[in-house]
Structures are given as C-alpha cells and as structure tokens.
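See structure below.
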Amino acid sequence: MSNEVEETNILPPDVYAALNLDEFVAVDIETTGLQYTNSEVIEVAAAKFRNGELAETFERLIKPATAIPEYITKLTGIADSDVADAPAFRDVLPDFREFLGTAPIIAHHVPFDLPFLEYHARLVDRNLKGWQNRKPVYHYFPNPKYDTAVLARMYLHYLPSFSLSNLVDYFQFSGDVSHRALPDAKNAGLVFRELVNFAIQTKFADVQKILQILEAADDPISDFFQHLAKFLSTGTTVVGGIDRRQFDFKANHYNIIGERSKLKGPADLLEEQDWDYEPPEWEQAAGLLDESDIADFFAESGELSQKFGTYETRDQQVAMATAIARAFNSQQFLTVEAGTGTGKSLAYLVPAIQWALKNNAENGRVVISTNTKNLQEQLFFKDLPVLSGILKDEFKAVLLKGRGNYLCLDKWTTVMRDPDARLTEDERTKVLPLLFWM
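Quick note: the sequence shown, position 357, residue 356 per numbering that gives the first Met the number 0, numbers continuous.
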C-alpha cells in the first residue's frame, strides 16, 4: 500500500481492503409503521458495493398479514395491490441473508432498519429469547453495522439536516429519491462511500479519542473506527487532510443571511477588516426613515404585494410599521399590542432593516429578541429570507441564541479528559460531532 492517497470519489482497492470495506452492502426497508413489534416489512432492498463501486442489487416486495395503511401508500407508492402476489417475509429472508453474506451492513439510521429485520427474522423461527428492545442481539444479522447518519453528523456537522434526501442533495447525486427501498439503499451506499473519503482524512489522534469515547458505548460504529485506526497507524496520509477552518466557515451558511455569508473563508474576515476604520461624520449621523416609503411597501401596489399576488393590505400592519419607523427616527421607546393576523413580524422587520441600512455605524445595528426559539427561527428561516428576496438593498442578519445554547469550553475540556467517568452510554455517540466542530 502506498503511503499517500489522493482525494478521489473512489479510493484505491487496497484502501478499501485495509478498512475491511472491499465489499459492503447498503440496506433499506419500507414498513407499515415505525414500531417493529406491531408493524411489518413490505419491501426490502440491498445494494452491494465492491471496491467502492455498485456491483449488485437485491429488491423484493413482501406481502404483509394486514392491509397497508393509506399514509404509507402515499409515502412509498406501495399499495395492497402491489404486494397481493408477493412472497411473505419468511420466504424472502433466506435469499436476503445470502445476499448480505458477512459484508458490513450500511444503513441510514441503523437503529430503525436492523432491529426491524432482526425482530421479524426471529418471529419466523419464533425465537425471541434474550431479545431486548434497548440492546438487541443480532443472531440473524451479525454483520458489522455502520450508520451513515452517525458519520454524517460527525463529518458534515455544518449541514442543517442529516436526512438521506438532504445528503443526496449535498453530494449532488443524480439517482432516484422516491422513498423506495432500492433507491434509498443505493443512495445510502453512495453517501457512505463519500463519508469514507472524509474519514480517512481524520487525524490518528482524533480517531484514538473517538475510540476512547466509544469504548463503553456498545455502538457498532466503533468497529468502523477500529479499522480506521489500524489503517491510519500504517502512516498512510491523505493529500489535503481535513481543514477544520472550512468546517467553521461552512457552518456560517446557516446562521448568516447577507453579504458576509459569501466570503471565501474565515480568514477573509480578518484579512478584509479595516481595523483603523472610523465612520465619517455623515455616516455617524442617523439616517431617518421615510414613513411614507414604509407604508408604500405594504400598499396594494407595493413591493410585498408584487411578490405575493394574493397579498391584502392590512391597515393595522401599516399603522404598526409606520409607528415603529417614527420611534426609530425620534429615538423613543414604543410598545405595541396587536392581535393575531396583524402581520406583526413584517411590520417591525421592514423598518428595522431599513434603519440598519441607512445607519452603517454601530447605532444601525438592530437586535430583535424573541420570547421563544420557534418565533426566532420563524423570523430567520422564513420571514427574513422573504424580505431578502424582495428588498432592493442587501442586508445582513445573524442568528444568535442565548448563552445556555452554546458549549462551555471549560466543561467540554473536563469531559474530554475523562469521558469514561463523565459520559453516559447514550451520550457517547451523541458527542462525537463536537470533536470536529471544536
């Protein structure tokens, strides 16, 4: 094996072999519900990869003992008529297990798919002895099990969602995303292949820390990192490696709206900052808002109405917006009480944004403090993006939360010094994404 690996989508065969991944099988199932004790498998599929390339597939519809719920049919497209002549789970199980062999099993959310399969395999033989919901023992599927959701949270922690469909979009795969077992299995395998490319760039010391954290967790993902540690211990390096600064910057895409989110990287914030800058007198003076302009924005022929054809002008909303603009101009406090349906959010956001745009110095910064996180996220992820697409001038908005929502570095350092004593079994896997985020 060479001691340097280039960054490509498909790694050399000797790398996959060293990771015990020369062959792996991605699995997905469709079911009649979420609880395996009272739901059934209606479709099972697997995609076998050899040396990182899709080699074979397995796909079977399964006839359940009960009717398929309507919402499952709407979700998957699988109706009772589709499975009327399909075999039972007991008839599919032998071929499915033979297809899997002893290769590592890849799934997006292992705790859902594998307990479902194991439980129903045990029902076939009426063998539920020793079965525990919390810690299932896999007699029928003893293969190593790697969860793409866990790995994605670790290596792509800056993403807003770790659903399989979101990961497919992130990696820009062109395959089907129809919520059927085979397309999902293929996509899970492709996502895993990409995540392996991230994993081999991990520093050996970080992998050792991961294994220390997982030592008492009884999580099957620890087997993946055992093989990764052996691979990295050979001295093999990857061109480039993981740039944690890029992790930091990518996270900014989801809590910043506007100009600063388009910078090339965090270093640009330092390089482009003019530390000796002092606003000129004209900029320090407050730029007053034109109340008529604010009112026009909400008018029947205004910018808001042009964006939404069904928008109706609300007199109370206009009155509130102009009152807020007047309060900005006069630097006075204002208390407003308005009922549901007034359009309060836009009524204070529009004058607040305009004030910030007209006042570039520190007195142009506007802080909006909400009573709930739900309202805060509604403003940031719904209302502000709408206004960003309507207003002619670009504005900047940043999402910040209270102190209790941020990690205490002292506590984190204390936990990492002795994870065995300070982390419960359930917490061990959950803290792994923080290793790279920190």
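Just so you know, even glycine gets a beta-carbon here, dropped at the ideal spot from N, CA and C.
Might you give, ordered along the chain, the residues of its own chain that have their beta carbon closer than 8 Å to the beta carbon of Ala322, omitting 5 neighbours on each side? Leu333, Val335
Are the CB atoms of Asp112 and Ile28 within a distance shorter than 7 Å? Result yes, Cβ atoms of Ile28 and Asp112 sit closer than 7 Å.
Using the Cβ count rule (16 or more neighbours within 10 Å means buried), how would you classify Leu74? exposed
Alpha carbon to alpha carbon, how far is Arg192 from Thr233? Give it in angstroms, no decimals. 21 Å
Measuring only the C-alpha atoms, how far is Gly401 from Thr369? 11 Å
Based on the DSSP secondary-structure assignment, which residues constitute the bridge partners of Thr30? Val40
Skipping 5 residues on each side, what residues in its chain have a beta carbon closer than 8 Å to that of Gly174? Val167, Pro182, Lys185, Asn186, Leu189, listed in sequence order.
Can you tell which of Lys372, Thr309, Ile105 has its C-alpha closest to the C-alpha of Lys47? Ile105
Taking the Cβ atom as the reference point for each residue, do Gly154 and Phe223 lie within a distance shorter than 7 Å? For clarity, residue 154 is Tyr in the given sequence; the question names Gly instead. Not in contact: Tyr154 and Phe223 (Cβ atoms no closer than 7 Å).
By the 10 Å Cβ neighbour count, where 16 or more other Cβ atoms means buried, how is Gly342 classified, buried or exposed? buried
Enclosing beta strand (DSSP E) for Ala106 [first to last residue]: 104-106
With DSSP run on the structure shown, which of helix, strand or coil describes Arg421? helix
Please classify Thr56: does DSSP put it in a helix, a strand, or coil? Strand, per DSSP.
Can you tell me where the alpha helix (DSSP H) with Lys343 in it begins and where it stops? 343-357
Own chain residues within Cβ distance below 6 Å of Trp436, not counting five before or after: His156.
So, Lys62 versus Ala85, is the Cβ gap smaller than 7 Å? yes
Round the Cβ separation of Pro114 and Tyr35 to the nearest angstrom and send it over; I've been treating them as touching at under 8 Å. 6 Å
Take Leu269 and list the residues in its own chain whose beta-carbon comes closer than 8 Å to its own, dropping the five residues that flank it on each side. Any reading at Leu269 must be qualified, since the residue scores a pLDDT of 44, below 50, and its modelled position is unreliable; no value is offered.
For Lys372, the first and last residue of its enclosing beta strand (DSSP E): Not the beta strand (DSSP E): Lys372 falls in the alpha helix (DSSP H), residues 372-377.
Contained beta strand (DSSP E) runs [length at least 3] in the segment 47-101, N- to C-terminal order: Fully contained in the segment 47-101 are the following beta strand (DSSP E) runs of length 3 or more, in chain order: 52-60.
In three-state terms, what does DSSP make of Tyr145? strand
Counting along the chain, where does the alpha helix (DSSP H) carrying Trp411 start and finish? 408-416
Enumerate in chain order the residues of its own chain whose CB-to-CB distance from Ala337 is below 7 Å, with the five nearest sequence positions on each side excluded. Gln315, Met319, Lys343
Look at Asp79 and Ala87 and say whether their C-beta atoms are less than 7 Å apart. No, the pair does not count as a contact, with Cβ atoms beyond the cut-off.
Helix, strand or coil: how does DSSP classify Glu22 here? If DSSP states are grouped into helix, strand and coil, Glu22 belongs with the strands.
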